Amino acid sequence: MTTNMITPDQAMVDGLAEEMRRDPRVITFGEGTATKHYELVEEFGRKRVRNTPLAEGIIAGTAAGAAATGLRPVVDLLFAPFLTFAMEELVNSAGKLRFISGGQFSFPMVAIARTGAGWAVGGQHNHNIESWFVHSPGIKVVMPSTAADFKGLMKSAIRDENPVMFFADIGLLHTPGEVPEGDNVVPIGKAALRREGSDVSLISYGKTVGKCLEAANLLLAEGISAEVIDLRSLKPLDEAGVLSSVLKTGRAVVVHEASGICGVGAEVAAIIAEKAFSQLKAPVVRITGPDAPPAASYPLEQAFVPQPDRIAAAARRICA
Amino acid sequence: MTTVESIVDRSVTQKLETMLLIRTFEEKSAELKAAGHSPSMCTSVGQEASAVGVISALDERDLILTNHRSAGHLLARGADPNRVMAEIHGKATGYCGGKSGSLHISVKEIGVILTSTIVGGELSLATGVGLSLQMLEMQGIATVFFGDGAATEGIFHESVNLAAVWDLPVLYVCENNQWQAYVHRKETMRIDHISEWGARYGIRTATVDGNDVEAVAAAARDAVAYIRETGKPFLLETYTYRLRGHMEPDDQAYVDKEELSRWRSKDPITALERKLVTDGVLTATELAAMKETVRKKVEAAAQFAITSPYPTLDQLTAGVYA
Ligand SMILES: Cc1ncc(C[n+]2csc(CCOP(=O)(O)OP(=O)(O)O)c2C)c(N)n1
Ligand SMILES: [Mg+2]
Numbered sequence: 001m002t003t004n005m006i007t008p009d010q011a012m013v014d015g016l017a018e019e020m021r022r023d024p025r026v027i028t029f030g031e032g033t034a035t036k037h038y039e040l041v042e043e044f045g046r047k048r049v050r051n052t053p054l055a056e057g058i059i060a061g062t063a064a065g066a067a068a069t070g071l072r073p074v075v076d077l078l079f080a081p082f083l084t085f086a087m088e089e090l091v092n093s094a095g096k097l098r099f100i101s102g103g104q105f106s107f108p109m110v111a112i113a114r115t116g117a118g119w120a121v122g123g124q125h126n127h128n129i130e131s132w133f134v135h136s137p138g139i140k141v142v143m144p145s146t147a148a149d150f151k152g153l154m155k156s157a158i159r160d161e162n163p164v165m166f167f168a169d170i171g172l173l174h175t176p177g178e179v180p181e182g183d184n185v186v187p188i189g190k191a192a193l194r195r196e197g198s199d200v201s202l203i204s205y206g207k208t209v210g211k212c213l214e215a216a217n218l219l220l221a222e223g224i225s226a227e228v229i230d231l232r233s234l235k236p237l238d239e240a241g242v243l244s245s246v247l248k249t250g251r252a253v254v255v256h257e258a259s260g261i262c263g264v265g266a267e268v269a270a271i272i273a274e275k276a277f278s279q280l281k282a283p284v285v286r287i288t289g290p291d292a293p294p295a296a297s298y299p300l301e302q303a304f305v306p307q308p309d310r311i312a313a314a315a316r317r318i319c320a
Numbered sequence: 001m002t003t004v005e006s007i008v009d010r011s012v013t014q015k016l017e018t019m020l021l022i023r024t025f026e027e028k029s030a031e032l033k034a035a036g037h038s039p040s041m042c043t044s045v046g047q048e049a050s051a052v053g054v055i056s057a058l059d060e061r062d063l064i065l066t067n068h069r070s071a072g073h074l075l076a077r078g079a080d081p082n083r084v085m086a087e088i089h090g091k092a093t094g095y096c097g098g099k100s101g102s103l104h105i106s107v108k109e110i111g112v113i114l115t116s117t118i119v120g121g122e123l124s125l126a127t128g129v130g131l132s133l134q135m136l137e138m139q140g141i142a143t144v145f146f147g148d149g150a151a152t153e154g155i156f157h158e159s160v161n162l163a164a165v166w167d168l169p170v171l172y173v174c175e176n177n178q179w180q181a182y183v184h185r186k187e188t189m190r191i192d193h194i195s196e197w198g199a200r201y202g203i204r205t206a207t208v209d210g211n212d213v214e215a216v217a218a219a220a221r222d223a224v225a226y227i228r229e230t231g232k233p234f235l236l237e238t239y240t241y242r243l244r245g246h247m248e249p250d251d252q253a254y255v256d257k258e259e260l261s262r263w264r265s266k267d268p269i270t271a272l273e274r275k276l277v278t279d280g281v282l283t284a285t286e287l288a289a290m291k292e293t294v295r296k297k298v299e300a301a302a303q304f305a306i307t308s309p310y311p312t313l314d315q316l317t318a319g320v321y322a
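From first to last, the protein sequence lines stand for chains P and C. Number 151 in the working numbering belongs to position 151 of the first sequence; there are no gaps in the numbering. Number 155 in the working numbering belongs to position 155 of the second sequence; there are no gaps in the numbering.
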């Protein structure tokens, strides 16, 4: 298979463009979408690629209304904290009206939001709120870590009949990675095994997958074999994938940048405790961001993110 | 330390000096960003007359709410350039200890409060500030700076309507700079003046040439006098232009060249310099000396920011809860 080196930022757009070619119902709009993606305007025209007024509520609401009535909108809501202006539309409408209407409507739409450390812009731009949506019924949530998954999950998200929140980790967006050519669709709900190991499972998503891989290298030097699981889809969560790894290693460190309290890691830890308790050789450990807004100041922003040494230390502790 | 009193009712030469300070400060920040010294930030180059004109009409009782494009408002109100620059650099000596960075700098001691980089965030808070001023009989008025883009958020309309029906002492200042990040204002609304929207909610409004500092100051004085007398809100639109990009660096490839050069020729600072020299208010030598003073101040701020320490890691979770 031929692969190209592409940034995740571009891979998302490539995935979108392929789906727009494939399905005329796919449209995209957002604050500056047509300015930033002029190549899409040239190929698909101003009807399908639009700039909007600066108004997240109506962007998300318009997407939901259009999705229920025949279009497949992909909307870019920029930074995750701006989603708070669109919560009503995403959570109450897109997420609930399928169920509430007795299944009369569905909402095939994708909302993109950037998040995470890497730009030193502070807590009103950087806030990992993906678990808010995991907690909201009717909505799927993905957060890829590789360029190939940015593209492949975007394609799946667009084809999905449900509203999908697509979280893009800013820290990853501009580092090129391998992307297979062609119609490479990555299924939603399937975790990826990034590294095989036998002593401990490091379970993560987004930029901390890379930190786990680095931690695994540190651990290897000490004779600890760490497996790294990339969840990439937070809802549905690949329970079987998580459990098969933990049943093998008997130990789990769950890692994410989002704050720990009621985060995705809490759910993963609960699943492990409920379904693999008898196989556990040590308690499940969570390594996460603190219960604080990320500061703008660069060193504080970086310290917010679980780093390889912290992850390795946790793994070492439970492997001792 | 600059006191707020010293900046009230400034003379026109003082206004020019403040505008020069803002311009020089922001160009320096952009230069430092380009050199890799600091994260990105938004400048208000081209809009200095709006900040200086409005703020010169306020006094020490008044409270100011602002947004991501705030350096002009902060400096016009008398903030210490060293500490603003340090905050932009995320340093411990910044006004918010480096936790804000450039985008949400508040300086309570000079009445610049509750800065939000969520577009429209400041509009949602201004009514509450107005309510406190009204109910606690604090005398001052709440002045809220926001952009033409913020006016397309629903919260703008909710804010103005509530201020109207509750008679809140809020001065809404829409800095209509024709841009909303990478989208031209005309792509987002069928009207040209945000004051038209304000008027539909039953409040007093005015639009002023935002590049003429004396015109802005006069319009703001009228608005402030009206609010102090009636307790009711007022919307002042300063019609201006964002001469640099949205966020540094920005090649402005998406900007119409003709429009940009038309507005460049209306640069509020060059126009005022020319006028003051022609009118004999200021000699060329005095102007040069003024620029040198400003340059030195800004250089000192840059040095202060660069040499200041970053916050210590215990600050990661300090101050989240009261
Ligand atoms: C709720 C929200 N949406 C989007 C953004 C991203 N953003 C920051 S500034 C800006 C443009 C704001 O335009 P305007 O209100 O006219 O103010 P200006 O920047 O022109 O001063 C945008 C879209 C944001 N910070 N908050
Ligand atoms: Mg604007």
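Each residue gets a CB set at the ideal place from its N, CA and C atoms; glycine is no exception. Since the model is a prediction, treat every value here as computed from it, not as a measurement.
Proximity test, Cβ basis, 9 Å: residue i and chain P
i	result
residue 36 of chain C	no
residue 2 of chain C	Bear in mind that the predicted position of residue 2 of chain C carries a pLDDT of just 48, short of 50, making it unreliable; the figure below should be weighed with that in mind. With 9 Å as the cut-off, residue 2 of chain C does not count as an interface residue toward chain P.
residue 95 of chain C	no
residue 39 of chain C	yes
residue 117 of chain C	yes
residue 241 of chain C	no
residue 84 of chain C	no
residue 361 of chain C	This structure gives no information on residue 361 of chain C, because the portion of chain C shown stretches from 1 to 322.
residue 344 of chain C	An answer regarding residue 344 of chain C cannot be provided, because it is not within the stretch 1 to 322 covered by chain C.
residue 245 of chain C	no
residue 313 of chain C	yes
residue 128 of chain C	no
residue 310 of chain C	yes
residue 302 of chain C	no
residue 53 of chain C	no
Rounded distance between the beta-carbons of residue j and residue i, thought under 8 Å
i	j	result
residue 127 of chain P	residue 9 of chain P	Not a contact, Cβ separation roughly 20 Å.
residue 141 of chain P	residue 165 of chain P	5 Å
residue 292 of chain P	residue 301 of chain P	Contact flag wrong, Cβ pair sits at about 11 Å.
residue 294 of chain C	residue 53 of chain C	The Cβ separation is near 18 Å, so there is no contact.
residue 143 of chain P	residue 107 of chain P	Not confirmed; about 20 Å, so no contact.
residue 78 of chain P	residue 130 of chain P	Between residue 130 of chain P and residue 78 of chain P the Cβ distance is about 15 Å, and since that is not below 8 Å, they are no contact.
residue 64 of chain C	residue 98 of chain C	Not a contact, Cβ separation roughly 22 Å.
residue 142 of chain C	residue 133 of chain C	6 Å
residue 286 of chain P	residue 230 of chain P	Actually they are not in contact, since the Cβ atoms of residue 286 of chain P and residue 230 of chain P sit about 17 Å apart, beyond 8 Å.
Interface flag, residue i vs chain C, CB-CB below 9 Å
i	result
residue 205 of chain P	no
residue 304 of chain P	yes
residue 125 of chain P	yes
residue 132 of chain P	no
residue 40 of chain P	no
residue 308 of chain P	no
residue 258 of chain P	no
residue 57 of chain P	yes
residue 11 of chain P	no
Chain-ordered neighbours of residue i on chain C, where CB pairs are closer than 7 Å
i	result
residue 32 of chain P	181, 182, 183
Neighbouring residues, chain P, relative to residue i (Cβ below 8 Å)
i	result
residue 189 of chain C	53
Under 9 Å from the C-beta of residue i: neighbouring residues of chain C
i	result
residue 325 of chain P	Because chain P is modelled from 1 through 320, residue 325 of chain P falls outside the range shown and cannot be assessed.
Partner residues on chain C for residue i, Cβ-Cβ distance less than 8 Å
i	result
residue 35 of chain P	182, 183, 254
Interface positions of the region 76-94 of chain P facing chain C (Cβ-Cβ less than 8 Å), listed along the chain: 81, 82, 84, 85
Where the region 142-175 of chain C meets chain P: residues whose CB sits under 8 Å from a CB there: 149, 150, 152, 153, 154, 155
Contact set between the region 98-113 of chain C and chain P, restricted to residues whose Cβ is under 8 Å from the partner: 98, 99, 100, 101, 102, 103, 104
Inside the region 179-226 of chain P only - beta strand (DSSP E) runs reaching at least 3 residues: 192-195, 200-204
Interface positions of the region 198-222 of chain C facing chain P (Cβ-Cβ less than 9 Å), listed along the chain: none
Contiguous alpha helix (DSSP H) assignments of at least 4 residues, all confined to the region 256-285 of chain C: 257-264, 268-278
Every unbroken beta strand (DSSP E) within the region 74-133 of chain C, with a cutoff of 3 residues, ordered by chain: none
Against chain C: residues of the region 159-186 of chain P by CB proximity under 8 Å: none
Within 9 Å of chain C by C-beta, residues of the region 100-124 of chain P in sequence order: 119, 120, 121, 122, 123, 124
Chain C contacts made by the region 273-300 of chain P, where a contact means CB separation under 8 Å: 290, 291, 292, 293, 295, 296, 297, 298, 299, 300
Test item, CB below 6 Å from any non-hydrogen atom of ligand 3: Absence of ligand 3 is noted for the structure shown, with ligand 1 and ligand 2 being the only ligands found.
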